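For reference, the structure discussed in these notes is given below.
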Amino acid sequence: MIAPSAFAAKPEGSAMATLSPTTAELVRQSGAIPNSEYLLEVEHVRKAFPGVLALDDVQFRLKRGHVHALMGENGAGKSTLMKIIAGIYTPDSGSFRLKGQEIRLTSPLDALRYGIAMIHQELNLMAYMTVAENIWLRREPRNAFGIVNHREMRRATQALFDRLEIDIDPEIEVLELSVANRQMVEIAKAVSYDSDILIMDEPTSAITEKEVAHLFRIIRSLKAEGKGIVYITHKMNELFEIADEVSVFRDGRFVGEHKAEDVTRDDIIKLMVGREVTQMFPKQDVPIGETILSVKNLTLQGRFHDISFDLRKGEILGLAGLVGSGRSNVAETIFGVTPATSGQIVVDGREVAVTSPGVAMDLGMGFLTEDRKESGCFLTLDITSNMQAAILRQGYTRAGIVREREIEKLCLQQKAALRVRTPDLHEPILNLSGGNQQKVLIARWLLTKPRILILDEPTRGIDVGAKAEIHRLISELAGQGVAVLMISSELPEVLGMSDRVLVMHEGRMTGILDRKDATQVRVMALAAN
Amino acid sequence: MAIQTLPASETAPRVRRRLPPELSILGVMIGMMLLFEALGWIFVGQSFIANPLRLKIMILQESEIGIIAVGVTQIIIMGGIDLSSGSVVGMTAMVAASLAQTAGFTHAIYPGLTGLNPVFPVVAGLVCGALAGLVNGSLIALTKIPPFIATLGMMVSARGVADWYTDGQPIGNLSDEYASIGSGWWPVIIFLSMAILFHLALRYTRYGKFTYAIGANPLAARVSGINVERHVILVYTIAGLMSGLTGVVHTARAISGQAGVGAGFELDAIAAAVIGGTSLSGGVGRLTGTIIGAVILGILTSGFTFLNVDAHYQEIIKGGVIVAAVIADQYRQRKRRTV
Numbered sequence: 000m001i002a003p004s005a006f007a008a009k010p011e012g013s014a015m016a017t018l019s020p021t022t023a024e025l026v027r028q029s030g031a032i033p034n035s036e037y038l039l040e041v042e043h044v045r046k047a048f049p050g051v052l053a054l055d056d057v058q059f060r061l062k063r064g065h066v067h068a069l070m071g072e073n074g075a076g077k078s079t080l081m082k083i084i085a086g087i088y089t090p091d092s093g094s095f096r097l098k099g100q101e102i103r104l105t106s107p108l109d110a111l112r113y114g115i116a117m118i119h120q121e122l123n124l125m126a127y128m129t130v131a132e133n134i135w136l137r138r139e140p141r142n143a144f145g146i147v148n149h150r151e152m153r154r155a156t157q158a159l160f161d162r163l164e165i166d167i168d169p170e171i172e173v174l175e176l177s178v179a180n181r182q183m184v185e186i187a188k189a190v191s192y193d194s195d196i197l198i199m200d201e202p203t204s205a206i207t208e209k210e211v212a213h214l215f216r217i218i219r220s221l222k223a224e225g226k227g228i229v230y231i232t233h234k235m236n237e238l239f240e241i242a243d244e245v246s247v248f249r250d251g252r253f254v255g256e257h258k259a260e261d262v263t264r265d266d267i268i269k270l271m272v273g274r275e276v277t278q279m280f281p282k283q284d285v286p287i288g289e290t291i292l293s294v295k296n297l298t299l300q301g302r303f304h305d306i307s308f309d310l311r312k313g314e315i316l317g318l319a320g321l322v323g324s325g326r327s328n329v330a331e332t333i334f335g336v337t338p339a340t341s342g343q344i345v346v347d348g349r350e351v352a353v354t355s356p357g358v359a360m361d362l363g364m365g366f367l368t369e370d371r372k373e374s375g376c377f378l379t380l381d382i383t384s385n386m387q388a389a390i391l392r393q394g395y396t397r398a399g400i401v402r403e404r405e406i407e408k409l410c411l412q413q414k415a416a417l418r419v420r421t422p423d424l425h426e427p428i429l430n431l432s433g434g435n436q437q438k439v440l441i442a443r444w445l446l447t448k449p450r451i452l453i454l455d456e457p458t459r460g461i462d463v464g465a466k467a468e469i470h471r472l473i474s475e476l477a478g479q480g481v482a483v484l485m486i487s488s489e490l491p492e493v494l495g496m497s498d499r500v501l502v503m504h505e506g507r508m509t510g511i512l513d514r515k516d517a518t519q520v521r522v523m524a525l526a527a528n
Numbered sequence: 000m001a002i003q004t005l006p007a008s009e010t011a012p013r014v015r016r017r018l019p020p021e022l023s024i025l026g027v028m029i030g031m032m033l034l035f036e037a038l039g040w041i042f043v044g045q046s047f048i049a050n051p052l053r054l055k056i057m058i059l060q061e062s063e064i065g066i067i068a069v070g071v072t073q074i075i076i077m078g079g080i081d082l083s084s085g086s087v088v089g090m091t092a093m094v095a096a097s098l099a100q101t102a103g104f105t106h107a108i109y110p111g112l113t114g115l116n117p118v119f120p121v122v123a124g125l126v127c128g129a130l131a132g133l134v135n136g137s138l139i140a141l142t143k144i145p146p147f148i149a150t151l152g153m154m155v156s157a158r159g160v161a162d163w164y165t166d167g168q169p170i171g172n173l174s175d176e177y178a179s180i181g182s183g184w185w186p187v188i189i190f191l192s193m194a195i196l197f198h199l200a201l202r203y204t205r206y207g208k209f210t211y212a213i214g215a216n217p218l219a220a221r222v223s224g225i226n227v228e229r230h231v232i233l234v235y236t237i238a239g240l241m242s243g244l245t246g247v248v249h250t251a252r253a254i255s256g257q258a259g260v261g262a263g264f265e266l267d268a269i270a271a272a273v274i275g276g277t278s279l280s281g282g283v284g285r286l287t288g289t290i291i292g293a294v295i296l297g298i299l300t301s302g303f304t305f306l307n308v309d310a311h312y313q314e315i316i317k318g319g320v321i322v323a324a325v326i327a328d329q330y331r332q333r334k335r336r337t338v
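Chains A and B, in that order, give the protein sequences.
Each residue of the first sequence is one higher than the one before, starting from 0 at the first, in numbering that gives the first Met the number 0.
Each residue of the second sequence is one higher than the one before, starting from 0 at the first, in numbering that gives the first Met the number 0.
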């Protein structure tokens with residue numbers, strides 16, 4: 000809800016009238032260049048959600064021709080602030096100036112007319128429409144009778160793609176595109192608005208190195224045109240490669256703004272977490288036991304072929320490869336989500352037919368899936384229900400009644416051990432930050448006491464502090480003799496955590512490296528083959 | 000540039016304890032009763048509430064919808080929908096009635112099977128309903144067609160079976176023993192005991208936990224080792240059983256079986272569930288809410304009749320109330336959503 004009084008209170012010294020979206024659009028179309036140094040200045044923004052103060056008196060400013068990175072742990076308020084600027088959330092209070100003039104943001108459409116476009120973290124394309132239709136949605140070129148001119152639409156799309164050096168057929172349905180290509184379409188769509196301000200919310204989380212380089216080329220050319228770019232990211236190297244300024248947020252508060260060249264990686268981490276994070280990847284040396292899981296020539300037709308490896312007690316086997324190389328498919332097949340078309344899975348020396356996740360669990364496996372929202376969380380349910388989902392089939396009932404008190408005690412232990420930050424286990428999981436949700440899902444599997452734990456992107460999209468905690472936890476599990484198969488797109492994570500690294504390329508194994516041989520260069524070489 | 004560091008907050012944000020969602024619906028129910036009470040004194044000069052007979056009729060009427068809604072609520076919580084329940088009521092009513100005719104009745108459907116112990120027609124009705132549910136569930140779980148389509152098919156087919164069974168002729172002359180099932184407070188007792196039984200099952204058993212989990216995220220449920228297909232079939236079968244039970248109760252109350260019985264019940268049952276706070280997107284809902292939802296539908300019907308409101312207006316207003324309930328539900332969900 001908007002507090003009208005908060006909006007009425009304009010910052011002192013501002014005698015200007017609010018700039019309407021219509022006027023802003025006309026001014027932009029006329030090509031007039033206002034002389035303000037800052038494209039956007041935002042101050043005193045406050046936004047509360049039920050139970051959480053998401054933004055507390057934060058500020059942000061964006062210079063013309065600059066890339067401004069936003070850093071902060073999950074739940075720090077970066078995405079919330081950007082969603083306010085893009086007109087998706089309504090702030091409780093705050094002042095917004097576009098090129099020096101007061102504006103009020105009430106809808107995403109208004110934001111676009113003010114020249115603010117956002118590329119979302121989640122992809123928002125219509126799967127059954129073509130690439131061109133998606134890009135020009137609501138802005139389709141039409142003839143005098145209001146009929147959409149498809150030829151013109153195709154031409155405009157091709158022109159846009161040529162300019163951005165994107166090689167995608169405009170007539171193809173989005174459904175047929177890979178995730179990385181969908182992301183490129185989203186980027187092209189945002190650019191097509193010819194906005195002055197472009198907000199990118201973790202644009203590289205689903206794309207490969209090659210596309211990241213491509214994206215950075217696009218960003219540099221937009222910079223040269225005088226656009227301002229807000230870049231939300233968790234990746235330090237990107238920050239130093241592309242950003243001019245960085246603003247750091249923590250717990251819904253603005254912590255500071257710095258020139259990227261003035262700060263180091265450690266400075267940023269310190270600002271983000273408010274404490275020193277010494278060890279990022281603390282893999283302890285533990286005795287490696289006997290082989291517990293062997294995979295021989297495992298094949299899922301059309302996805303991956305002839306995957307073979309052994310996994311031993313206490314070992315962490317990293318599974319590296321580019322997005323789309325079939326890593327997750329291998330994990331899903333071993334766990335019985337998509338049973339193999341050929342090949343063998345051997346557990347404890349006996350060949351087994353893993354036809355469903357239930358079978359895998361009976362063999363002592365656990366599987367943390369890649370996508371928290373898609374296949375992990377029960378978002379409408381509370382934390383306890385989420386944690387207990389996998390152990391319920393192991394008993395824990397008396398005369399048909401679930402022994403809730405006992406399970407609750409186990410959940411509380413996990414909550415303490417994993418440091419899940421919540422006052423109450425009956426809180427909906429929806430209200431937790433990404434890192435805490437991930438801990439709940441890890442707890443779900445730890446409760447089953449797995450001997451083989453498959454972790455698919457265990458630290459994706461979670462903040463630095465939680466990340467270190469999860470790394471420590473994985474290492475401890477290995478120390479207790481659990482065999483861990485870990486998939487990760489972050490090379491430093493794979494290299495830091497794994498005893499051995501299996502590398503995949505387009506559905507095939509290209510090598511297994513021992514810890515001492517596994518360097519960033521060698522893994523990348525195998526992954527790109 | 001100096002780095003200023005704020006202390007990290009180690010404590011999680013405090014949250015207010017949520018009240019059970021039924022409370023707001025209960026409030027609506029009480030408010031509605033008081034409204035009719037006031038309107039009663041103004042327009043017809045008598046009390047709405049202080050009339051035991053009216054309340055009894057109201058509750059009896061809604062018990063049948065209520066029994067169906069017990070099954071349908073579980074399906075909706077699991078992320079499905081059931082459009083076939085009304086037709087299944089019609090089908091089971093015919094089957095049960097045909098086995099419940101008075102001894103020696105010469106024009107009986109099965110002249111050799113008259114005067115049976117009421118257990119037989121009851122079991123036949125229940126089995127028939129459960130079979131319909133089993134078919135629904137199997138179609139949905141094994142062929143992956145949308146529940147809307149599968150149960151739409153069953154809705155048409157089951158009504159066809161009901162009509163075919165006697166060529167549309169009603170089945171009368173039911174035995175007194177059978178009729179006693181529908182007499183007095185029995186329908187209410189059956190409804191409430193089913194509602195309580197399954198409320199406890201949803202709340203305290205694995206069956207219930209799995210139902211919520213599948214409704215909240217079927218993929219995550221599968222990865223958590225839950226046999227989703229088997230559970231879907233089970234829940235639809237139970238819902239079919241509830242429709243069969245309603246068919247039995249209805250024929251016993253009406254002391255006849257008619258092929259058209261139950262038409263529109265499926266939508267009333269869905270409405271009771273939704274008014275009671277069950278979310279059509281799955282994973283959210285409680286049977287206590289459904290009971291209140293059924294009572295609210297009953298209050299509307301009997302309240303308008305009490306005020307001599309034309310039956311057509313009743314329907315118009317009822318439709319509005321259902322939509323208002325869904326709007327309120329969505330608003331509640333939006334409030335829950337955070338960063």
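Ideal Cβ placement from N, Cα and C applies to all residues, glycine included.
Computed from a prediction, not measured in an experiment: that's the story for all the values here.
- Linking T72 (chain B) to E72 (chain A) through their CA atoms gives a straight-line distance of about 40 Å.
- Taking 8 Å as the threshold, the shortest C-beta distance from G313 (chain A) to chain B does not fall below it.
- Not one beta carbon of chain A lies nearer than 8 Å to the beta carbon of G79 (chain B).
- The C-alpha of T129 (chain A) is placed about 37 Å away from the C-alpha of I269 (chain B).
- Chain A places a beta carbon closer than 8 Å to that of R205 (chain B), counting this residue as a contact.
- When DSSP states are grouped into helix, strand and coil, S156 (chain B) belongs to the helix group.
- Using a Cβ-Cβ distance cut-off of 8 Å, the segment 198 to 213 of chain B and the segment 97 to 114 of chain B are not in contact, since fewer than three pairs of beta carbons, one from each stretch, lie closer than that value.
- In this structure M485 (chain A) is buried. Its beta-carbon is surrounded by 16 or more other beta-carbon atoms within 10 angstroms.
- Among the CB atoms of chain A, one or more fall inside 8 Å of the CB of R221 (chain B).
- If you draw a straight line from the Cα of A359 (chain A) to the Cα of E373 (chain A), it is about 20 Å long.
- DSSP places L97 (chain A) in the uninterrupted beta strand (DSSP E) bounded by S92 to L97.
- Not a single C-beta of chain A is nearer than 8 Å to the C-beta of I74 (chain B).
- Annotation: E489 (chain A) has no Cβ neighbours in chain B at a cutoff of 8 Å; minimum Cβ distance is about 23 Å.
- Within the DSSP secondary-structure output, L299 (chain A) pairs in a beta bridge with A:F303.
- Fewer than three pairs of CB atoms, one per stretch, sit closer than 8 Å, so the segment 394 to 401 of chain A makes no contact with the segment 411 to 430 of chain A.
- DSSP, read as helix, strand or coil, puts Q343 (chain A) in strand.
- Here T129 (chain A) carries a strand assignment [DSSP, helix/strand/coil].
- Looking from the CA of C376 (chain A), the closest CA among B:F264, B:G214 and B:V247 belongs to B:G214.
- E185 (chain A) sits close to I118 (chain A), with the two beta carbons spaced by under 8 Å.
- In this structure, A:I228 is the residue among A:P491, A:I228 and A:E101 with its C-alpha nearest to the C-alpha of E201 (chain A).
- Within the segment 356 to 379 of chain A, P356, G357, M360, F366, T368, E373, S374, G375, C376, F377, L378 and T379 place their CB atoms closer than 7 Å to a CB of chain B, listed in sequence order.
- A Cβ-Cβ separation of about 6 Å places D347 (chain A) in contact with I291 (chain A) under the 8 Å criterion.
- The C-beta distance from D498 (chain A) to I333 (chain A) rounds to 18 Å, too long to fall under 8 Å, and the pair is not in contact.
- In the displayed model, I473 (chain A) falls within a helix according to three-state DSSP.
- At a cut-off of 8 Å between C-beta atoms, R60 (chain A) does not count as an interface residue with respect to chain B.
- Nearest to V87 (chain B) by C-alpha distance, out of B:I321, B:I180, B:G70 and B:I298, is B:G70.
- L244 (chain B) sits away from G79 (chain B), with the two beta carbons spaced by 8 Å or more.
- A389 (chain A) and Q45 (chain B) have their C-alpha atoms some 58 Å from each other.
- Neighbourhood of I225 (chain B) in chain A, by CB distance below 9 Å: P356, G357, A388, A389, L391 and R392, in chain order.
- DSSP places F47 (chain B) outside both helix and strand once states are collapsed to three, so it counts as coil.
- Counting C-beta atoms within 10 angstroms of its own C-beta, Y113 (chain A) has 16 or more neighbours from the protein chains shown and is therefore classed as buried.
- Per the Cβ contact rule, the segment 317 to 324 of chain A is in contact with the segment 198 to 213 of chain A (3 or more Cβ pairs under 8 Å).
- Less than 8 Å separates the beta-carbon of E36 (chain A) from that of R63 (chain A).
- Between the beta-carbon of S62 (chain B) and that of A157 (chain B) there is about 21 Å, and that puts the pair past the 8 Å contact cut.
- Under a criterion of Cβ atoms nearer than 9 Å, the residues of chain B adjacent to S384 (chain A) are, in order, K208, Y211, A212 and A215.
- Residue burial annotation: Q257 (chain B) is buried, with at least 16 other C-beta atoms found within 10 angstroms of its C-beta.
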